[in-house]
Amino acid sequence: MPTENAYWSKSGASRIIAVCTTCIGLGALLGFLPGYLATTIGDDLQISRGEVGLLVSIYFGCTGVGSKLAGRAAEKFGARNVVVADMVAVALAAFFSALIGSYWALFVATVVGGFGYALSNAGTNVIIGNNVPSDRLTLAMSTKTAGVPIMALVLAALGPWAATKTSWEMVTMVAGCLAGATAIAAMIYLPDDRPTLSEQRTSAKLPKGFALFSLGAFLLIAGSQPIYSWIVAYMEESLNTAPSLAGLVSAAASACGVLYMVINASRVDRIGAGKRIKRIATLHFWIVIGILGVSLGAIWGLWVVVIGAVVSVSVQLAAIGTLHAAVVDRAPNNVAKATGSMMTGYYLGALASPAAFGWLVDATGTFTYSWLGSALLITMAIPVWNAAGKIGEVKDR
C-alpha cells in the first residue's frame with residue numbers, strides 16, 4: 004500500500020521508476036535478441052527458424068514457470084534483492100553465450116535469463132504497487148513496462164546492423180555489460196524493503212476467479228508476441244526488405260507504442276480503477292486489426308505492414324501497462340502473489356507462440372496462416388477479460 008500520495012514529488016522517486024524501467028527492459032533482452040537477430044544467428048549457427056523461435060519460447064516459458072516462485076521470493080527476500088538478482092543473472096547469461104558462441108550456449112543462457120526475468124516482474128510490481136496511489140498507478144506501471152519497447156526499439160534499430168558489422172556475440176556481450184551496470188544502480192537506488200518474519204508469514208488469498216487473469220494474459224501474449232519476435236524476419240523474407248529497414252520499421256512501431264502507452268495511461272487513470280479491465284478488452288480489438296494489417300503486407304506491400312505494426316504494437320503495450328495496474332487493483336494486499344499468478348499465464352503464452360509461429364511458417368511456406376492464428380488468439384481473449392472485470396472489489400487506495 005502506498006504510504007502517501009506525495010510519492011511522485013519525493014526526492015529520488017524518478018530515479019526509482021527509471022531503474023525499474025531499465026531492469027524490465029534489460030531483463031527481457033535475451034528473450035527478444037534471437038528474434039531480432041534471427042537471420043544472423045541462423046546463418047552463423049546453421050539453424051532453422053523453428054530452432055530460433057524455440058529459444059524465444061524457452062526463455063518466456065521459463066519466466067512463466069518461475070513466476071509464482073518469483074512472487075514468493077519477492078515476499079521473502081524483498082523486491083529490491085530479487086530485481087538485483089535478475090540483473091546479475093542476465094549479465095552472466097549474456098557473457099556465457101557470447102563467449103561460447105554456440106546454439107546450446109544460447110539455450111543455457113535462455114533458461115537462466117528466463118527464470119531470472121520472473122524476479123524483475125514480481126519485484127518491480129511490488130515496488131511500484133506499494134508506493135504509488137491509484138490515480139497514478141496506470142501511468143507508473145506503463146512507464147515501467149515501457150522498458151521493454153524501449154529496449155526493443157534500440158535492439159531493432161541497431162541490433163541487425165551491429166550484428167552484420169561485428170557479430171551477434173558482440174551484441175550480446177554489450178547487453179551483458181549494460182545488465183551488470185544496472186544491477187549496481189538497482190542496489191543503490193531501489194528501496195530496501197526486506198520484510199520482517201511476521202510479514203513473511205502473512206499471505207492474503209487472491210480473489211475468487213483470479214485465474215481468469217492468467218488465462219487472459221496467456222491469450223494476449225500468445226497472440227501478440229510474434230509481432231516482436233517475427234516481424235523483422237517476415238519483412239526480410241516475404242517483402243524482400245533490407246535488414247536495416249526492417250529493423251527501423253519495428254523500432255518506429257515500438258517508439259509509437261511508448262508514446263501511446265503514456266497517452267492511454269493518463270486516460271485510464273482519469274476514468275478510474277473500476278474501468279481498467281474494460282479498457283483492456285477494448286484494446287484487444289485494435290490489436291486484432293493491427294495484426295490483420297501486418298498479414299496483408301505480402302499482398303499490399305510494406306506500407307500496410309508499417310501501419311499494422313504501429314497499431315498492434317501501440318495498443319498491445321497499452322494493454323499490458325493497464326493490465327499490471329489492474330492486477331494491483333484486484334489484489335492490493337498481495338501484489339507479489341497476484342503478479343506471479345498472472346505472469347504464469349503471460350509467459351506460458353510467450354512459450355507457446357514464437358516456436359509454433361516459426362514452425363507453422365516452415366510447414367506452410369508462408370507467414371499468412373501464422374498471423375491469422377495470432378489474430379484468433381487475441382479475439383478469444385476479449386470475452387475472458389470481460390468476465391475478469393467482475394473479479395474482486397476495486398477500491399481507490
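Its first residue numbered 4, the sequence shown is counted upward by one per residue in our numbering. A virtual CB, placed ideally from N, CA and C, is assigned to each residue, including glycine.
- Shown here, K281 sits in a helix according to DSSP, grouped into three states.
- Comparing alpha-carbon positions, the option among G119, A268, L326 lying closest to I61 turns out to be G119.
- Contact between R52 and V364 holds, with the beta-carbon distance rounding to 6 angstroms and staying under 8 angstroms.
- In terms of Cα proximity to L218, the closest of G348, G311, L262 is G348.
- Around A73, the same chain offers V85, A121, L122, N124, A125, G343 as residues with beta carbons nearer than 7 angstroms, after the five sequence neighbours per side are excluded.
- The C-beta distance from M264 to L320 rounds to 5 angstroms, short enough to fall under 8 angstroms.
- In the three-state scheme derived from DSSP, where H, G and I count as helix and E and B as strand, I224 is classed as helix.
- Contact fails between the region 332-346 and the region 185-194, because fewer than three Cβ pairs, one in each stretch, are under 8 angstroms apart.
- The residue among A322, I323, V291 with its C-alpha nearest the C-alpha of I310 is V291.
- Residue environment: T367 is assigned as exposed (fewer than 16 neighbouring CB atoms within 10 Å of its CB, all protein chains considered).
- Here K147 is not near T285, since their CB atoms are 9 angstroms or more apart.
- Assigned with DSSP and collapsed to three states, P163 falls in helix.
- Around the beta carbon of R270, a 10 Å sphere encloses fewer than 16 other beta carbons of the protein chains shown; the residue is thus reported as exposed.
- By the neighbour-count definition (other C-beta atoms within 10 Å, threshold 16), A245 is an exposed residue.
- Only residues of its own chain outside the window of five on either side were considered, and among them D272 have a CB closer than 6 angstroms to the CB of D138, listed in chain order.
- Of the residues L242, L299, A108, I381, the one whose Cα lies closest to the Cα of T371 is L299.
- Close CB contacts of K71 within its chain, under the 7 angstroms cut and outside five residues either way in sequence, are with G343, S344, T347 (chain order).
- Relative to the Cα of A329, the nearest Cα in the group A220, S241, A92 belongs to A220.
- Looking at E54, T66, N128, the one whose alpha-carbon comes closest to that of A77 is N128.
- If you ignore the 5 residues before and after G104, its C-beta comes within less than 7 angstroms of the C-beta of E172, all in its own chain and listed in chain order.
- Linking W289 to W306 through their CA atoms gives a straight-line distance of about 18 angstroms.
- When G250, I294, G150 are compared, the shortest CA-CA separation from T167 is found for G250.
- For V338, same chain residues with a beta-carbon under 6 angstroms away, outside a window of 5 residues either side, are N128, V129, G132, V331 in chain order.
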